[in-house]
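According to numbering that gives the first Met the number 0, numbering within the sequence shown proceeds without interruption in unit steps and concludes at 369.
Glycine residues also receive a C-beta, built at the ideal position from the N, C-alpha and C atoms.
Contents: one structure, followed by commentary.
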Amino acid sequence: MTSDNILRTGQSWLARQITNHTSFGAYFEPLIQLLLPQWRSDRLRSKIVSIRQESHDMYSLVIKPHRRWQDFTAGQHLELTVEKDGAWMSRFFTISSSPAHFKKSGLIELSIQIQEKGQITPWLSKALHAGSIVNLSQAQGEFCLSRQEEPILMIAGGSGITPFRAMLQQLSLMPNKTDNVAKTLMYYARSSEHFLFKQELRKFTEQVPSLQVHFIDSAEHGFLSAQHLERYSENFKTSHIYLCGPANMILHGRKLLTSLKVNWQQLHYEFFGPEPIDLEQSSGANSILFSRSNKQISTEESAPKTLLELAELASTNPVSGCRAGICHQCICQKKSGVVYNTKTQQYSDTGAQEIQLCISVAASDLVLEL
Ligand code: FES
C-alpha cells in the first residue's frame with residue numbers, strides 16, 4: 000500500500016468514527032455547497048482544458064482531472080456530472096485516451112457522440128469551454144485487455160471505437176518489443192467519412208508491429224459476417240474477442256460468434272447505452288402498484304418498457320442516473336412479484352428484494368416501494 004493510500008484509508012476511518020460519513024467532505028457537503036454550489040464530496044472537480052471536434056457528430060473533452068483522481072486502465076469509463084438548469088445530470092463516458100498519455104500530460108479525453116435527441120450530449124459541447132468545471136467519478140468498468148498469450152480481436156462499430164483508441168494508444172506509447180501476440184482491429188462505420196481517429200489508428204500500426212487495423216465501410220462491404228472474420232482475422236476462433244458499438248451490433252456479433260462455436264468465455268463486450276430489453280421475457284399485461292405514491296400503471300398502457308420508464312410514466316419521480324445498470328441509483332425495493340433482469344438475464348424470486356428499475360421488466364403483477 001502506498002503512503003497516499005494509507006493516508007486516505009486513515010482519513011476515511013477517522014471520518015467514519017467522528018461523523019459517521021465516509022469522509023469529512025461528505026459530512027460538510029451541505030455547508031460547502033452554500034459557497035460552491037457545484038461541489039459534491041463523491042465527485043472530483045476537474046477542469047476542461049479544451050474541446051476538440053472529431054467529426055460532425057463527435058467531440059472530445061480534454062480534461063485535467065482533480066489531483067485525487069486515480070489512475071485507470073485503458074477501456075474503462077467514468078461518470079461525468081454537470082449542473083443543467085439547476086439539476087444535476089450524470090452520464091457515463093468511455094475514457095478515449097490512455098493511462099500512458101495521462102501519466103505524461105496529466106490529461107484525459109472523453110470522446111462523446113452527439114445523440115440528436117439526447118438532453119446532455121448536444122448541450123455539453125455548447126455549454127462547456129476551456130476553464131469550465133465538471134465533476135468526475137473515479138474510473139470503473141472491466142472492458143479492458145487482459146494480459147494473455149492468445150491473439151486479440153477487437154470489433155468496433157461507429158463511436159464504439161473509443162475504448163479501443165485508448166487501448167491502442169496505450170500499446171503504442173508503452174511498446175513491448177517482445178510482445179508478438181497478434182492484435183486485430185475490425186472497425187465498421189457506415190461510410191468512409193465516418194471513421195474516427197483514422198490517421199492515429201494507422202500510425203499505431205507502425206508503432207505496434209503485431210497490430211493490424213481494417214477499416215470496413217459497411218455500406219459497401221456489409222456488416223460483420225463469417226466471411227469477414229475469416230478474411231480479416233483467420234485465428235478468430237482462438238482469439239479473445241472484444242466488441243464495442245451499438246446494441247444491435249453487439250447482439251448480432253454475439254449471436255454470430257457463438258454460432259461459429261467461439262467459446263462464450265472468450266467474448267467481452269460493452270454496450271453503448273442500456274442493453275436492449277428482451278421483450279419476450281415481459282409476460283403480457285401486468286399491473287404495477289407503486290405503493291408509496293399509491294399510483295398504478297399497467298404494462299398494457301404502453302409499449303413494453305423498463306420499470307424505470309413505467310415509474311416515470313406514472314409520475315412517481317424515481318431517481319436514476321446511467322439508465323444502463325451501472326450506477327445503482329435506481330435501486331428500489333420490490334415488495335412482491337417477479338421481474339426479469341435484462342442484464343443478468345435472470346428472473347427474480349416472488350418475494351421482497353432490491354431491484355434496479357432501469358434494467359428490469361415486469362414478468363408478473365408487481366408491488367414496488369416507490
Ligand atoms: S439508473 Fe443507473 S443503474 Fe439504473
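Annotated as proximal: residue 57 and residue 195, with beta-carbon spacing under 9 Å. As the crow flies, the alpha-carbon of residue 307 is around 22 Å from that of residue 247. Per the coordinates, the alpha-carbon of residue 148 lies some 49 Å from the alpha-carbon of residue 17.
Closest in C-alpha terms to residue 62, from the list 30, 108, 52, comes 108. Look at residue 320: its beta carbon is less than 8 Å from one of the heavy atoms in ligand 1. With respect to the C-alpha of residue 125, the residue from 202, 83, 358 having the closest C-alpha is 83.
When 80, 112, 151, 245 are compared, the shortest CA-CA separation from residue 54 is found for 112.
CA-to-CA, the gap between residue 258 and residue 51 works out to about 41 Å.
Residue side-chain check: residue 327 places its Cβ nearer than 8 Å to a non-hydrogen atom of ligand 1.
In the pairwise beta carbon analysis, the segment 183–200 is classified as not touching the segment 130–140: fewer than three pairs are separated by under 8 Å. Note that the C-beta distance between residue 249 and residue 151 is not below 9 Å. For the 9 Å CB-CB criterion, residue 289 and residue 369 form a contact.
About 7 Å separates the beta carbon of residue 323 from that of residue 91, a gap short enough to meet the 8 Å contact definition. For residue 182, the enclosing beta strand (DSSP E) begins and ends at 182–188. In the DSSP annotation of this structure, residue 222 is not part of any alpha helix (DSSP H), being labelled neither H nor E. At the C-beta level, residue 30 and residue 67 stay beyond 9 Å of one another.
Residue 93 is bridged by DSSP to 76. Judged by DSSP in its simplified three-state form, residue 71 adopts coil rather than helix or strand.
Separation of residue 188 and residue 337 (C-alpha to C-alpha, rounded to the nearest whole angstrom) is 40 Å.
Taking 8 Å as the cut-off, one finds no heavy atom of ligand 1 near enough to the beta carbon of residue 117.
Residue 198 is classed as exposed because its beta carbon has fewer than 16 other beta carbons within 10 Å across all chains shown.
Taking C-beta atoms under 8 Å as the contact rule, residue 97 and residue 172 qualify, at a distance of about 6 Å. Runs of alpha helix (DSSP H) with 4 or more residues, each lying fully within the segment 133–219, are found at 161–172, 197–206, listed in chain order. Nearest Cα to residue 334 within the set 265, 70, 156, 361: 361. Cβ-Cβ distances below 7 Å link residue 311 to 317 in the same chain, with the five nearest sequence neighbours on each side left out; the list follows chain order. Judged by DSSP in its simplified three-state form, residue 114 adopts coil rather than helix or strand.
Between residue 365 and the set 329, 285, 213, 217, the nearest pair of CA atoms involves 285. Per DSSP, residue 292 lies in no alpha helix (DSSP H) segment and is marked neither H nor E. Relative to ligand 1, the nearest heavy atom lies less than 8 Å away from the CB of residue 356. For the pair residue 356 and residue 319, the CB atoms are nearer than the 9 Å cut-off.
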